[in-house]
Structures are given as structure tokens and as C-alpha cells.
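Asks:
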Amino acid sequence: MNAAIEKLKTCGATGIDVQLPFWLLHFKSDLESILIRTESVPSLNSYLQSSFPPRYPRTHAEILAMSEKVASSPPAGILANPGRLDMYRAEAGAPPPTNPYYIAARDQGRAFVKVSMEAILIQDKLDAIVYPTSTKPIGKIGETPKRNSRGLFDNFGLGLASLAGWPELTVPAGFTSEGLPVGISFSGPQFSDMKLLAFGFAFEQATHALRQPVITPCLPGDKFNY
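Reminder that position 48 of the sequence shown reads as 50 in my numbering, one-by-one numbering, no gaps.
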């Protein structure tokens with residue numbers, strides 16, 4: 003990621019090290035939890051019932067029951083996802099969308115995140131905020147999740163952009179020493195989409211950091227240019 007930042011600077015960008023407030027990162031996590039848990043059941047129910055015929059699961063409750071069954075007695079070759087199962091359970095016990103705490107989080111909480119992010123742009127005179135798409139390497143299946151340097155399981159960027167209603171663009175930025183891909187994200191205020199696309203395209207053309215997969219090569223007759 004440091005190499006990606008240096009490449010941006012050599013291309014003419016002015017970089018400012020911005021430290022997002024500690025309280026904003028943790029408020030984001032709590033706010034996301036309320037919104038996601040409350041919205042997951044009605045959203046998943048609507049999606050399943052409108053997209054799949056009756057022989058398939060049609061509700062969140064059915065998905066949870068199937069997941070509990072797989073977790074209690076995994077079939078050969080099937081590895082249960084305990085983190086996802088915990089989320090299904092939490093979603094099943096979440097308050098309804100009419101709950102006043104949820105409504106406050108949806109209306110006032112998201113608005114607070116948005117104006118806080120806008121204040122950061124104004125204070126430091128920024129066109130965009132740039133950050134690693136993930137602040138920790140991708141874990142292997144079966145490994146215990148690891149926290150990053152901030153004590154979080156993942157990066158702040160995706161959640162803050164989503165809560166603020168901001169566009170976000172992710173571009174390949176290279177690889178770790180173990181050959182794992184690294185992404186760089188650009189985020190900015192509402193309607194800055196074209197500016198972010200320009201930043202991302204310029205970075206992509208300057209680095210050509212995308213690498214053709216080795217394990218999953220093109221099928222016969224196919225060709226991809228990176």
C-alpha cells in the first residue's frame with residue numbers, strides 16, 4: 003500500500019495523512035450493526051420470494067434452519083461458516099424496522115456520518131480519501147479471523163462510504179510478499195463518481211497492477227487483456 007501511495011505522488015497527487023477520529027470508526031461499527039441486523043430479514047425474504055421458485059428456500063428462517071443443520075452435522079466436503087451462522091442468528095432476533103432505535107440510526111445516524119466525513123474533506127481540503135481496500139491479508143479457510151492494527155476485523159472504508167452514501171472505487175494495487183492481491187480504494191462525496199473514475203483510471207494506467215490468474219487461466223478460445 004505504501005508503494006501505491008508513493009506512485010500516486012509521483013503521478014502528481016498531493017497526499018495528506020488523515021487520521022479519522024477513533025469515535026467515528028467505532029460509531030460506524032455500531033451503526034452498521036443496527037442497520038444490517040434489522041434490514042437483513044425483510045430484505046432477504048423479499049429477494050428469495052421474488053427470485054426463486056417454491057422448491058428453494060423462501061425465507062431467512064429457512065436459510066437459518068438449513069445453516070444450523072449443516073453446522074451440527076456437516077456433510078462430507080462441506081465446511082460451515084461459523085461467522086455467517088452467528089450473523090443469521092443475530093439477524094433473526096433483531097428488532098423490526100419500526101423500532102425507534104433503528105429509525106434513529108437510519109435517519110440521524112447516517113446523516114451524522116455523512117456530515118462528519120464532509121467535515122474531514124473540508125478541513126484538509128481533500129478531493130478524495132484513499133485507503134487500502136482491506137487492512138489485513140485475506141485469511142485462509144478455517145483460520146481464526148485476525149484483527150488489524152486498529153483492533154478491527156476489516157477496514158473502515160467500505161462501511162463509512164456506504165453509510166455516508168458516497169461512491170467508492172476499488173482498483174488493483176499490487177500483491178503481498180505471499181502473492182495475495184492488494185486493492186486501493188478511492189472515495190469521495192456524493193456525485194464525485196466521475197472524478198473517482200478518473201483517479202482510478204490514471205492509477206491503473208500508471209501501475210498495471212492487475213495480474214492474470216495462474217491457477218484459473220483462460221479457457222480455450224478466451225483471451226483477457228490486463
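All C-beta atoms, glycine included, are put in the ideal place defined by N, C-alpha and C.
Would you call the CB atoms of Ala175 and Ala200 closer than 8 angstroms?
Replies: For Ala175 and Ala200, no; Cβs fall outside 8 angstroms.
Asks: Could you give the uninterrupted runs of the alpha helix (DSSP H) lying entirely in the segment 26 to 89, keeping only those of 4 residues or more?
Replies: Those alpha helix (DSSP H) runs which fall completely within the segment 26 to 89 and span 4+ residues are 62 to 74.
Asks: List the residues that DSSP assigns as beta-bridge partners of Gly176.
Replies: DSSP output for Gly176 lists Val184 as bridge partner(s).
Asks: For Met119, is the classification buried or exposed, using 16 other Cβ atoms within 10 angstroms of its Cβ as the cut-off for buried?
Replies: Buried, by the Cβ-count rule.
Asks: Looking only at its own chain, which residues have a Cβ that is under 7 angstroms from the Cβ of Gly111, when we skip the five neighbours before and after it?
Replies: These residues qualify, in order along the chain: Leu33.
Asks: Could you please give the first and the last residue of the uninterrupted beta strand (DSSP E) stretch that includes Ile131?
Replies: Unbroken beta strand (DSSP E) run through Ile131: 131 to 134.
Asks: Does the Cβ of Phe226 have 16 or more other Cβ atoms within 10 Å, making it buried, or fewer, making it exposed?
Replies: Phe226 comes out exposed.
Asks: How close, in whole Å, do the beta carbons of Val132 and Ser187 come, if the pair is a contact with beta carbons under 8 angstroms?
Replies: About 7 angstroms; that satisfies the 8 angstroms criterion.
Asks: Less than 8 angstroms between the beta carbons of Lys9 and Thr172, yes or no?
Replies: Their beta carbons are not under 8 angstroms apart, which means Lys9 does not touch Thr172 by this criterion.
Asks: Run the CB neighbour count on Leu162, radius 10 Å, all protein chains shown included, and call it buried at 16 or more, exposed below.
Replies: Result: buried.
Asks: For Ser118, which of helix, strand or coil comes out of DSSP?
Replies: Correct three-state label for Ser118: helix.
Asks: Let me know the secondary structure DSSP gives Leu171 once reduced to three states.
Replies: Of the three classes helix, strand and coil, the one that applies to Leu171 here is strand, per DSSP.
Asks: Can you tell me the Cβ-Cβ gap for Ile36 and Tyr103, rounded? I've got them flagged as a contact below 8 angstroms.
Replies: Confirmed, Cβ separation roughly 7 angstroms.
Asks: Applying the 10 Å Cβ sphere with the 16-neighbour rule, what's the burial state of Ala67?
Replies: It is exposed - the Cβ of Ala67 has fewer than 16 other Cβ atoms within 10 Å.
Asks: With H, G and I counted as helix, E and B as strand and the rest as coil, what does DSSP make of Ser230?
Replies: No answer is possible for residue 230: it lies beyond the span of the chain, which begins at 3 and ends at 228.
Asks: For Glu180, count neighbouring Cβ atoms within 10 angstroms of its own Cβ and tell me buried if that reaches 16, exposed if not.
Replies: Exposed is the call here.
Asks: Considering Thr209, what are the terminal residues of the alpha helix (DSSP H) in which it resides?
Replies: Residues 195 to 209.
Asks: Starting from the Cα of Gly185, find the closest Cα among Gln21, Arg213, Gly167, Pro191 and give me that residue.
Replies: Minimum Cα distance to Gly185 is reached at Arg213.
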